[in-house]
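Remarks on the structure that follows.
Residue numbers (the numbering used here): 380 to 475.
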């Protein structure tokens with residue numbers, strides 16, 4: 380499990396660095412990222428107090444989370460608008 384945590388932290392660091400990179404074209408960026416898988420996971424496994432049902436998530440929707448993380452790894456936040464890149468970074472952080 381420690382190795383998985385290390386990989387996820389490296390992935391998140393790379394995403395964060397890309398999102399923070401200066402890009403003059405960003406203001407008009409038209410690239411969007413589909414967060415619907417993450418939205419479904421949060422709605423299903425996070426209660427009103429913010430507690431996550433990790434066992435249920437691992438048992439029922441781990442492949443969905445893994446696909447979402449793979450999409451994050453392949454995304455290009457530098458091509459997104461500033462607001463889209465911020466939403467992307469926050470959701471990536473929370474998913475990892």
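Cβ coordinates follow ideal geometry from the N, Cα and C atoms, glycine included.
Just so you know, these numbers come straight off a predicted model, no measurement behind them.
Sub-8 Å separation of residue 443 and residue 416 beta-carbons: Along the chain shown, one-based indexing puts residue 443 at 64. Along the chain shown, one-based indexing puts residue 416 at 37. Taking 8 Å as the cut-off, the beta carbon of residue 443 is found closer than this to the beta carbon of residue 416.
Cβ-Cβ separation, residue 436 to residue 424 (assumed contact under 8 Å), whole Å: Here residue 424 refers to the residue found at position 45 of the chain shown. Here residue 436 refers to the residue found at position 57 of the chain shown. That pair is a contact at about 5 Å.
Limits of the alpha helix (DSSP H) - the one that residue 423 falls within: On the chain shown, residue 423 is found 44 positions in, with the first residue counted as 1. Per DSSP, residue 423 belongs to the alpha helix (DSSP H) from 415–424.
Straight-line gap, residue 469 to residue 456 (C-alpha atoms, nearest Å): Here residue 469 is taken as the residue at index 90 of the chain shown, counted from 1. Here residue 456 is taken as the residue at index 77 of the chain shown, counted from 1. Taking the straight line joining both Cα atoms gives about 12 Å.
Residues near residue 432 in its chain [Cβ-Cβ closer than 6 Å; skip 5 each side]: For the purposes of this step, residue 432 is identified with residue 53 of the chain shown, where counting begins at 1. Counting only Cβ-Cβ distances below 6 Å, and skipping sequence neighbours, we find 424.
Under 8 Å between C-beta atoms of residue 410 and residue 459: Sequence index remark: in the chain shown, residue 410 carries index 31 (1-based). Sequence index remark: in the chain shown, residue 459 carries index 80 (1-based). In this structure, residue 459 lies closer than 8 Å to residue 410 by Cβ.
Per-residue burial, residue 472 [other beta carbons within 10 Å of its own, 16 or more giving buried]: As a first step, residue 472 must be located in the chain shown, where it is residue number 93. Exposed: under 16 other Cβ atoms inside 10 Å.
Distance between beta carbons of residue 454 and residue 467, contact taken as under 8 Å: What you label residue 467 is simply residue 88 of the chain shown in a count that begins at 1. What you label residue 454 is simply residue 75 of the chain shown in a count that begins at 1. Residue 467 to residue 454, Cβ: 7 Å. Contact.
Cβ-based burial, residue 448 [other Cβ within 10 Å; buried from 16]: Translated into positions along the chain shown, residue 448 becomes position 69. Residue burial annotation: residue 448 is buried, with at least 16 other C-beta atoms found within 10 angstroms of its C-beta.
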